[in-house]
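> Sharing a structure, written as structure tokens. Questions coming.
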Amino acid sequence: DTAVSQTPKYLVTQMGNDKSIKCEQNLGHDTMYWYKQDSKKFLKIMFSYNNKELIINETVPNRFSPKSPDKAHLNLHINSLELGDSAVYFCASSQVRTSGKADTQYFGPGTRLTVL
Amino acid sequence: GQNIDQPTEMTATEGAIVQINCTYQTSGFNGLFWYQQHAGEAPTFLSYNVLDGLEEKGRFSSFLSRSKGYSYLLLKELQMKDSASYLCAVPNQAGTALIFGKGTTLSVSS
């Protein structure tokens, strides 16, 4: 009955490689997100996506790209991995935003990416 | 833009009460969230305040003052399992993401 799931939980790879992280939610939510949490535990938005629009944080390198095969999935592809990409990546989802209120985001368990 | 400030670390003992403060500056306001994150785990939702005042949920309460740009999370009857990071967050102006503070790491000792 997992709400938001991610695979893999751990990912160790070499610089320059291309890798993907998968995310699935079974909450029936319309919006999904990717966040990056660095070594100082600071959680920052990378992307938000629903079936209408992709919002990209302008600070995210274009080596990172989200791909959504359907409403329940939002995968993260990373090309030409760099040492600085090492972090924990969290997927999250929420219902469509209601006017005047923000919707609670539910997080997946995270993927710890280590680039060697 | 959005800016959030909260203390980096706090310590407390079992059974005590602790208050974790959060101040924010936003372009527009659409509520404030508190999340709990245990080491190596995902952030989990604790509370959402959009109106002024105190909201109580068991041992945890959250307070909001919109005029002061201030919120706090109050934890009562502390338990060892409450040792975690507590993250204050507000929606960005477009409402497309949460902007998180750097988190307050709470250590509860016996």
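Listed in order, the protein sequences are those of chains A and B. Letter by letter, the first sequence follows residues 1 to 116 of this note's numbering. Letter by letter, the second sequence follows residues 1001 to 1110 of this note's numbering. In this text, a Cβ means the ideal position worked out from N, Cα and C, and glycines have one as well. Everything numeric in this text was worked out from a predicted model, so none of it was measured.
Answer yes or no: do Asn1021/B and Tyr1086/B have a C-beta to C-beta separation smaller than 8 angstroms?
Not in contact: Asn1021/B and Tyr1086/B (Cβ atoms no closer than 8 angstroms).
> Rounded to whole angstroms, what's the CA-CA distance from Asn75/A to Thr111/A? Just pull it up for me.
The alpha-carbon atoms of Asn75/A and Thr111/A are separated by roughly 12 angstroms.
> Between which two residues does the beta strand (DSSP E) holding Ala1097/B run?
Premise fails: Ala1097/B is in no beta strand (DSSP E) and is neither H nor E.
> In chain B, which residues lie with their C-beta within 9 angstroms of the C-beta of Tyr33/A?
By Cβ distance, chain B contributes Thr1096, Ala1097 and Leu1098.
> Please tell me whether Leu1087/B has its Cβ less than 8 angstroms away from any Cβ of chain A.
Yes, Leu1087/B counts as interfacial toward chain A.
> Give me, in chain order, the residues of the same chain whose beta-carbon lies closer than 6 angstroms to that of His1038/B; leave out the 5 immediate sequence neighbours on both sides.
Counting only Cβ-Cβ distances below 6 angstroms, and skipping sequence neighbours, we find Ala1084.
> Nearest CA to the CA of Tyr89/A: which residue from His29/A, Lys19/A, Glu53/A and Thr2/A?
That would be Lys19/A, whose Cα lies nearest to the Cα of Tyr89/A.
> With H, G and I counted as helix, E and B as strand and the rest as coil, what does DSSP make of Gly84/A?
Correct three-state label for Gly84/A: helix.
> Quick one: is Asn1049/B near chain A, going by C-beta distance under 8 angstroms?
By this cut-off, Asn1049/B is not an interface position.
> Got a sec? Which residues, its chain only, sit under 7 angstroms from Thr1119/B by beta carbon, not counting five neighbours each side?
There is simply no residue 1119/B to check, as chain B begins at 1001 and stops at 1110 in what is shown.
> Short of 8 angstroms Cβ to Cβ, which residues in the stretch 39-59 of chain A face chain B?
Within the stretch 39-59 of chain A, the residues whose Cβ lies closer than 8 angstroms to some Cβ of chain B are Lys40, Lys41, Phe42, Leu43, Lys44, Ile45, Ser48, Ile55 and Asn57, listed in chain order.
> At a CB distance below 7 angstroms, what residues from the stretch 1064-1087 of chain B approach chain A? Give them in sequence order.
Those would be Ser1085 and Leu1087, in chain order.
> Please classify Ile1017/B as buried or exposed, where buried requires at least 16 neighbouring CB atoms within 10 angstroms.
Answer is exposed; the Cβ neighbour count stays below 16.
> So that I know if they touch, is there some Cβ in chain A lying closer than 8 angstroms to that of Phe1060/B?
Answer no: the Cβ-Cβ gap between Phe1060/B and chain A never drops below 8 angstroms.
> Could you give the DSSP three-state label for Lys67/A: helix, strand or coil?
If DSSP states are grouped into helix, strand and coil, Lys67/A belongs with the strands.
> When you compare the CB of Asp1007/B with every CB in chain A, is at least one pair closer than 8 angstroms?
Just to set this straight, residue 1007/B is Pro in the shown sequence, not Asp. No, because no Cβ of chain A sits closer than 8 angstroms to the Cβ of Pro1007/B.
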